[in-house]
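Colleague: Following this message is one structure expressed as structure tokens.
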Amino acid sequence: MVYRTLLNPQIDFVFKKIFGTEKNKPILINFLNAVIKPTTPIKDVEIKNNDIDKDFIEDKFSRLDVKATTSNKEHINIEIQVKNEYNMIQRTLYYWSKMYSEQIQNRDNYSKLERTVCINILNFKYLKNDKYHNAYRLKEITSNEELTDLQEIHFIELPKFNEIGNKEYIENVEKMDALEKWLE
Numbered sequence: 537m538v539y540r541t542l543l544n545p546q547i548d549f550v551f552k553k554i555f556g557t558e559k560n561k562p563i564l565i566n567f568l569n570a571v572i573k574p575t576t577p578i579k580d581v582e583i584k585n586n587d588i589d590k591d592f593i594e595d596k597f598s599r600l601d602v603k604a605t606t607s608n609k610e611h612i613n614i615e616i617q618v619k620n621e622y623n624m625i626q627r628t629l630y631y632w633s634k635m636y637s638e639q640i641q642n643r644d645n646y647s648k649l650e651r652t653v654c655i656n657i658l659n660f661k662y663l664k665n666d667k668y669h670n671a672y673r674l675k676e677i678t679s680n681e682e683l684t685d686l687q688e689i690h691f692i693e694l695p696k697f698n699e700i701g702n703k704e705y706i707e708n709v710e711k712m713d714a715l716e717k718w719l720e
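The C-terminal position of the sequence shown is numbered 720 in the numbering used here, with every residue numbered one higher than the one before it.
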């Protein structure tokens, strides 16, 4: 008898095999459409080298879990974190800024810079609200007017979904949206 064990996608290696390989591009596309909910659905992705280029030898080396560019010309970083290092916002902004700035070279025009989205999947509670999925963009402080959608950062907190999401949706699977089905 052959026993098959389901591998835990919260393990970096497994996560990268599911979302960061050419043969699994349809899975990545489906997931990105569920999280980002773009006006124009993503039809294709190009999986990129997940190393962030260093400008100087003494610069910090960084390797992203999954790095891709979509058919909508969005630059995507997906990170899975199982342990709270208490630096997710700083780390996310660092990764976002590196991905954004590496899009152009010395003499390129700034207009070449494209939308950059970071998606953080956390196996711990991090933000001080009850929502399991939070998406952030740059906005004016008093009027809440959006400055740009070139920067977008998502936090998906799995424990919050398990506490709130399951209670609301366990009996109403047909009412679940695409992201909730992914997390279920």
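The C-beta atom is built at its ideal place from N, Cα and C for all residues, glycine as well.
Computed from a prediction, not measured in an experiment: that's the story for all the values here.
Just the C-alpha distance for Ile554 and Tyr646, rounded to the nearest angstrom, thanks.
Modeller: Rounded to the nearest angstrom, the two C-alpha atoms are 34 Å apart.
Colleague: When you compare each of Leu694, Glu621, Ile655 and Asn623 to Glu615 by their alpha carbons, which one comes out closest?
Modeller: It is Ile655.
Colleague: Is it true that the CB of Ile578 sits closer than 8 Å to the CB of Thr557?
Modeller: Not closer than 8 Å, so no.
Colleague: Can you tell me which of Gln687, Ile700, Phe697 and Asp713 puts its alpha carbon nearest to the alpha carbon of Ile612?
Modeller: Ranking the options by Cα distance to Ile612, first place goes to Gln687.
Colleague: For Asn585, I'd like the list of residues in its chain whose CB is within less than 8 Å of its CB, leaving aside the five on either flank, ordered along the chain.
Modeller: Excluding residues within five positions, the ones whose Cβ falls inside 8 Å are Lys603.
Colleague: Evaluate Phe697 with the Cβ neighbour count: other Cβ atoms within 10 Å of its Cβ, from every protein chain shown; 16 or more gives buried, anything less gives exposed.
Modeller: With 16 or more Cβ atoms within 10 Å of its Cβ, Phe697 is classed as buried.
Colleague: Identify, in the order they occur along the chain, each residue of the same chain with its Cβ nearer than 7 Å to the Cβ of Asn544, setting aside the five sequence neighbours on each side.
Modeller: For Asn544, where only same-chain residues beyond five positions count, the Cβ hits under 7 Å are Val550.
Colleague: Of the residues Leu719, His690 and Leu629, which one's Cα is nearest the Cα of Ile700?
Modeller: Minimum Cα distance to Ile700 is reached at Leu719.
Colleague: Relative to the C-alpha of Asn670, which candidate in Lys634, Lys648 and Val571 has its C-alpha closest?
Modeller: Nearest of Lys634, Lys648 and Val571 to Asn670, Cα basis: Val571.
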